[in-house]
Each structure stands twice: as structure tokens, then as C-alpha cells.
Amino acid sequence: MEIKKICVLGAGLMGNGIAQVCAQAGYEVALRDIEQRFIDGGMNTIKKNLSRDAEKGKITKGEMEAILGRIKPTLDLKEAASDADVVVEVVIELMDLKKKVYAELEAVVPSHCLFFTNTSGLSITEMAAITKRPERFIGTHFFNPVPVMRLLEVIRGRQTSDETVEIAKAWGKKLGKEVVMVNEAPAFVVNRILCSMINEAFFVLDEGLATAEDIDKAMQLGCNHPIGPLALGDLIGLDTQLRICEGMHRELGDKYRPSPLLRKMVRAGNLGRKSGRGVYDYSKK
Numbered sequence: 028m029e030i031k032k033i034c035v036l037g038a039g040l041m042g043n044g045i046a047q048v049c050a051q052a053g054y055e056v057a058l059r060d061i062e063q064r065f066i067d068g069g070m071n072t073i074k075k076n077l078s079r080d081a082e083k084g085k086i087t088k089g090e091m092e093a094i095l096g097r098i099k100p101t102l103d104l105k106e107a108a109s110d111a112d113v114v115v116e117v118v119i120e121l122m123d124l125k126k127k128v129y130a131e132l133e134a135v136v137p138s139h140c141l142f143f144t145n146t147s148g149l150s151i152t153e154m155a156a157i158t159k160r161p162e163r164f165i166g167t168h169f170f171n172p173v174p175v176m177r178l179l180e181v182i183r184g185r186q187t188s189d190e191t192v193e194i195a196k197a198w199g200k201k202l203g204k205e206v207v208m209v210n211e212a213p214a215f216v217v218n219r220i221l222c223s224m225i226n227e228a229f230f231v232l233d234e235g236l237a238t239a240e241d242i243d244k245a246m247q248l249g250c251n252h253p254i255g256p257l258a259l260g261d262l263i264g265l266d267t268q269l270r271i272c273e274g275m276h277r278e279l280g281d282k283y284r285p286s287p288l289l290r291k292m293v294r295a296g297n298l299g300r301k302s303g304r305g306v307y308d309y310s311k312k
């Protein structure tokens, strides 16, 4: 199957990055969201990313305009998905919401369309089961920032066909990603390990073992990490971190219980960089 047009559902942090790399790889892209402000924010981010690449000489101004020309922002689901070969779903990590989106998609997409979900840890099989095409449903988990991070986790559900797996792998490679195949399990590989580390850093902070700055410094210098776990949590989004921890806790037991401090911060609206404050204050940066 040849992929020509891709519909990306969600113009936020991950969605606009996925739309950008798809357009850079030569695909026609429809970028759809539910409010104009989300669309505008996503397109502005893409333009900033490409402008920076042009200034650095990585692409020409002409190439930048061509890439932007391949991205069509829209609020209309039918317009975005009615002729799509692939739909990449990048909505909030809530199972009920994702199921609702797939039910809506089934009414508008062509019969050959593949569903790729960018979930960071929810069940591929459970989402696929409510569609009419579970064999054409697969997980494609990107990492933030999408244009920079080279990894793509590909996760097959119980009924995902071998053909869909091969198409997803080839697509990921065309986007310039290194593809890692993962058996379905809560949080997959990277988040199973990474979010456990971030969660433990919140326990350490809550217990008063060290300051946030020293916890991050210790992990950077002691483990050769480019960024500390608390700063990384702020970058990912503490609400996203909490949802992943809650999913692992629900599926795998008390070993993955979310830190009470993490939960309190999310309840307070301190979500990290995107809200201006998390473990650290970004409001003046």
C-alpha cells in the first residue's frame, strides 16, 4: 500500500511535530484540531521550527515554503480524513476520548485507511476493538520534540496484521526514525522505565532527600543524563506523567503508584513548561 495523504488529529506539542516530519518526508498532511486557537498554535510552532532550520542552512527558503504548502490545517474532520491513507491520532491520553474519536473516524475514512495511535502507554488492542479495522490499527509512539528525537516505538495490537506492521515500520523509516518493535504492555518500553524514574524522583523530592536542583544535578552528572528527571517531567508535562503512572499502577500494581507530590502539583495546575510552572518556574524565561 502506498501512503500519499496523512491526517494528523491533534495540533498540540506532539501533533504539530508529527505533521511537520510527515510534510518534510513529502507526504500531503491534513492537520486537524477542534479549535482554531489549537490549529494556529500548531502551525506557528511548525513555522518557527522550519524558520530556525532555514536560518541554520539545513533547508532553503524554497524548501520551507514547499513543506508548509503540504500541510493543510482544518477544523473539519471529514475534510481532513475522508481521503486519508493513514490517520495519526494524537489526542489526549484518555481511553474514552480516544474511543470516541475512532468511532467518529469510522464514519468518514475510506475502507483502506490505517489507524496509527501515538498513545504513550494505553492499550492498542482495546482501542482497536471498537473499530471496524482492528487488523489495520497499530501504535506509533513518537518522542518530544518529534522533529529532533529519532526513536519511534511501533506497537502491534492483538489483531494487528503483519502487513500493517511492515507499512508502519517503513513509514517510520521514511520519516527518518529508528524503529523499535514493542510487544503490547502498559507504557511500552521507554515510558515503563523513564516514567518510573521520574516518579521516583518525585518521591525523593517529597521525602526531602535533596533539593530539586540537586536531584537533577546528581542524575545528570552521576548517570551522564542530558537532563535531570524532574526537569524532564516538566518538559513532558506533569499531567502526562501522572496519567502514564496511573495507567501502570492500574495495570501492574503498587510498584508503580504515583507520587502524592506529583498528584498535588497536577491538581494545582502546575503542569511544567506548558503551564509556566511545574517543579521549576518558567514564567520569566
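Note that our numbering numbers the sequence shown so that position 136 is 163, with each residue one more than the last. Ideal Cβ positions, reconstructed from N, Cα and C, are used throughout, including at glycine.
With distances taken between CB atoms, is the gap from N226 to S147 smaller than 9 angstroms?
The residue you call residue 226 lines up with position 199 of the sequence shown. The residue you call residue 147 lines up with position 120 of the sequence shown. No, the Cβ-Cβ distance between N226 and S147 is not below 9 angstroms.
Nonlocal neighbours in the same chain, by C-beta distance under 8 angstroms from I263, ignoring five residues either side:
For the purposes of this step, residue 263 is taken as the residue at position 236 of the sequence shown. Excluding residues within five positions, the ones whose Cβ falls inside 8 angstroms are N171, I225 and G299.
Residues of its chain near G68, where Cβ-Cβ distance is below 6 angstroms and the 5 sequence neighbours each way are ignored:
The sequence position of residue 68 within the sequence shown is 41, counting from 1. So the list is empty, once near-sequence residues are dropped.
Report the rounded CA-to-CA distance for L132 versus A108, giving the unit in angstroms.
By one-based count along the sequence shown, residue 132 stands at place 105. By one-based count along the sequence shown, residue 108 stands at place 81. Roughly 8 angstroms between the two C-alpha positions.
With distances taken from CA atoms, which of L279, D281, R284 and V306 is nearest M292?
Counting from one through the sequence shown, the residue named residue 292 turns up at place 265. Nearest of L279, D281, R284 and V306 to M292, Cα basis: V306.
DSSP on L316, reduced to helix/strand/coil?
Outside the displayed range of the chain (28 to 312) lies residue 316, so it cannot be described from this structure.
Report yes if the C-beta distance between M154 and M122 is below 9 angstroms; otherwise report no.
For the purposes of this step, residue 154 is taken as the residue at position 127 of the sequence shown. For the purposes of this step, residue 122 is taken as the residue at position 95 of the sequence shown. Yes. Within cutoff.
For A228, tell me which candidate among E205, N210, D261 and E211 has the shortest Cα-Cα distance.
Counting from 1 along the sequence shown, the entry for residue 228 is found at position 201. It is D261.
Neighbourhood of L236 by C-beta distance below 7 angstroms, restricted to the same chain and skipping five residues each side
Counting from 1 along the sequence shown, the entry for residue 236 is found at position 209. No residues qualify anywhere along the chain.
Taking one C-beta from the region 184-194 and one from the region 247-260 each time, how about it: are there three or more such pairs within less than 8 angstroms?
no
A57 in three-state terms, based on DSSP:
Stepping through the sequence shown from its first residue, residue 57 is reached at position 30. Strand, per DSSP.
I'd like the span of the alpha helix (DSSP H) that includes P253, first residue to last.
Sequence index remark: in the sequence shown, residue 253 carries index 226 (1-based). Counting along the chain, P253 falls outside any alpha helix (DSSP H), and DSSP gives it neither H nor E.
Host alpha helix (DSSP H) of M154 (start-end)
As a working note, residue 154 is residue 127 in the sequence shown. First-last of the alpha helix (DSSP H) with M154: I151 to A156.
On the CB-based measure, 16 or more other CB atoms within 10 Å of its CB, does T72 come out buried or exposed?
Reading the sequence shown from its first residue, position 45 is the one you call residue 72. Per the 10 Å Cβ criterion, buried.
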